[in-house]
Every structure is written in structure tokens, then in C-alpha cells.
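Under this note's numbering, the first residue of the sequence shown carries the number 69, and numbering increases by one thereafter.
Where is the CB? At the ideal position from N, CA and C, for every residue including glycine.
Everything numeric in this text was worked out from a predicted model, so none of it was measured.
Quick notes on the structure that follows.
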Amino acid sequence: MNRICKDDLTKNFLIGRQVSHQPDLAYGGFSYKQLNEVYEQYIYLWFQNKNEVNVLDRPQFIQVEEQARVGSQRVWSFDKAKKFLNTLNLKVVQVLKEEQDIAEKFNAFSVWIWFCCLLSSGARPAIGASSIRENFDFITNIAYIHDKSSRSRPHGRYSPLIEFVVNELQHYDEFIKNINALELANTADHIYYLSYWKKGSEFMSFTLEPLTQKHIASYLSENFPEMDELYPNWTRHFVRNFLELPDAIFKSWYAHDQQNEIGFSKYSSLQPYTYMIEIQDAVNQLFKRLGLKSVVSQS
């Protein structure tokens, strides 16, 4: 079973260990179909050298509904998530290229960067997508993320940045500087990269607010009315299920290990450079599989 099943959560479930309190179960999971496939491989190993007289001598499996799952029920299928992100990608490109309203451009760009940040970090949808300006280091390409404030998590975690997201953030920063130069608005006082342009009731009145999940929901309902409302934390669930990373690195990256043992900690058993490169490579591959394109290079 250890050789067949590489996922620790699935493996522990199959061999009868307690998994209900494992943090991974809240984000990850597996379908009944996946369980059947592992069982079939396991049984095959037992029977492949046996001289069974009849096919009925080998255990048979009843295939259940593919969509039924153990674990997180909030996970989008890869194809549905890809379709949504590609549609959003094209929408933002079109707005930046053709839209004359600066507020429309501003909000479209902000929403795009929000999803780039969450998909590349597995962060919770905290205010500003945890994008506090001073927490980004573009020399080392590492960001400090503190998306859960609690007694058990008084400190955040460090997350590697991929070049795609760094470039989008820097283009967004240039976009903001150009707006400030026009004296239409001033975001200099904001500690967050991401803001939302909220129009007032009077002509030409508006406010700039740090971007939140409520703004994202409002933007999507206005621009994608055919969509159902998204679960706020869907990106964290999606990344946990579709990013190809070893479980040990995932637990560290998602801060499910002890605070002093997570990646980049001096007590961590993970080699910092390897830890960083493995995450960056996996995130790069995920972005490629999703078919995400820079909104600036196309506009």
C-alpha cells in the first residue's frame, strides 16, 4: 500500500488510521473512485502471481459515483476552475485594453492580482490578499504571509514567489503610480498593494479601500452574473488538491507543522533552497496547466 499510494492522507484512510483530525482533510480529500483505484491496484499485486481458475476468483469492485468525496467538499474540478480563470484572464485583458473608465480598469486589475496572489501562495482570502507592501521582497522573491491571527498562530509564514506573479505585481505597481501621478487618487497611504475603487453617490466621488473578499464577490456578481457565488476560500482548497507537491512540503507551506518547524525556520528539517525551488516549480506548473497569461503583455 505504501508503494502504491503516495498521498499520506489517502493512505492513512485506507489502512484504517484516524484522519478526521488531520488539517489536510479540511482542504484536501479524495473521491470514492480514487479509493477504488488504489484498492484495485493493491488487490492486483496479491493476485497477479496466483493461478486463479476463473475471473470470479478475483474480487470485483462496484464503481460508485465519481463525484462523491471523502474530505473537502469545496474543491472545484480542475476544468471548472480553469474555465473560470481563463474567462477572468480574458476579461481583464479586454478591460485594460479597451475600457476608458479608470475605475473599471483599476478594479479589474486588482481582482486579477488577488487571484494570482492566492493561487501562488495558498493563502486564505484575508484583507488585501495578505499583500502588505513591506512583506514582499523582490530580491529574494519571498513574501511574508500572515493570513490567520490566533493564539496558535501568532506569526505568519514565508512563501516563495514565482516570476509570473512578481511581474504582474510590478506592472500593477506601475499602474498605481500612474494613477497617483494623475492626481485622481492617492494610494500611497495604503499598506496593502491591492485596493478597490468604490464610486460614491455624487458625481466624480469615490473612495479607495483595501481589497477584501466582499469586493471580489461584488465584482464577480456584476461581471459574471451567470456564475454561482464562489466559496471564499476555494483557491486554498484548489491549490491543496491540484498542486503537485510532497505532503511534507505542503504541510510546512500551509503552516500545518509546528511553528518552529515550518519551511525557512532554523529548526526545520527542510533544506531552504530545495524547499523554495520545489514550491516555485510546482506553482509554475500549475499556472501553465491553468493556461494563465500576463494581462499586461496582451493589453
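| query | Given a threshold of 16 other Cβ atoms within 10 Å of its Cβ, counted over all protein chains shown, does residue 85 qualify as buried or as exposed? | reply | The residue in question, residue 85, is exposed, as its Cβ has fewer than 16 Cβ neighbours within 10 Å.
| field | Whole-number beta carbon distance between residue 260 and residue 279, since they are thought to touch under 8 Å | value | Yes, residue 279 and residue 260 are in contact; Cβ-Cβ is about 7 Å, under 8 Å.
| query | Just the Cα atoms here: how many angstroms apart are residue 185 and residue 147? | reply | Distance between the alpha carbons of residue 185 and residue 147 is about 20 Å.
| Do you know whose CA, among 159, 233 and 169, lies nearest residue 181's CA? | Answer by Cα proximity: 233.
| message | Could you check whether residue 321 and residue 347 sit closer than 8 Å to each other, using their CB atoms as the reference points? | response | Residue 347 places its beta carbon less than 8 Å from that of residue 321.
| query | Is residue 262 near residue 196, with beta carbons less than 8 Å apart? | reply | Contact: yes.
| Within 8 Å, strictly: CB atoms of residue 153 and residue 354 | The Cβ atoms of residue 153 and residue 354 do not sit closer than 8 Å to each other.
| task | Give me whichever residues DSSP pairs with residue 227 in a beta bridge. | result | Looking at the DSSP assignment, residue 227 forms a beta bridge with 211.
| said: Please identify the residue among 205, 200, 193 and 179 whose C-alpha is closest to the C-alpha of residue 216. | reply: When each option's Cα is compared against that of residue 216, the closest is 193.
| Separation of residue 105 from residue 71, as counted between CA atoms | Between residue 71 and residue 105, the C-alpha separation is close to 14 Å.
| query | For residue 76, is the classification buried or exposed, using 16 other Cβ atoms within 10 angstroms of its Cβ as the cut-off for buried? | reply | Buried, by the Cβ-count rule.
| If you draw a straight line from the C-alpha of residue 210 to the C-alpha of residue 111, how long is it? | Roughly 45 Å between the two C-alpha positions.
| Own chain partners of residue 163 with C-beta closer than 7 Å, once the 5 adjacent residues on each side are dropped | For residue 163, same chain residues with a beta-carbon under 7 Å away, outside a window of 5 residues either side, are 172, 173 and 176 in chain order.
| task | Mind checking which residues open and close the beta strand (DSSP E) that includes residue 287? | result | Taken as a continuous stretch (DSSP letters only), residue 287 belongs to no beta strand (DSSP E), being part of the alpha helix (DSSP H) at 281-291.
| request: Quick one: using the 10 Å Cβ neighbour count with 16 as the cut-off for buried, is residue 386 buried or exposed? | output: Any answer about residue 386 is impossible in this case: the structure gives the chain only from 69 up to 367.
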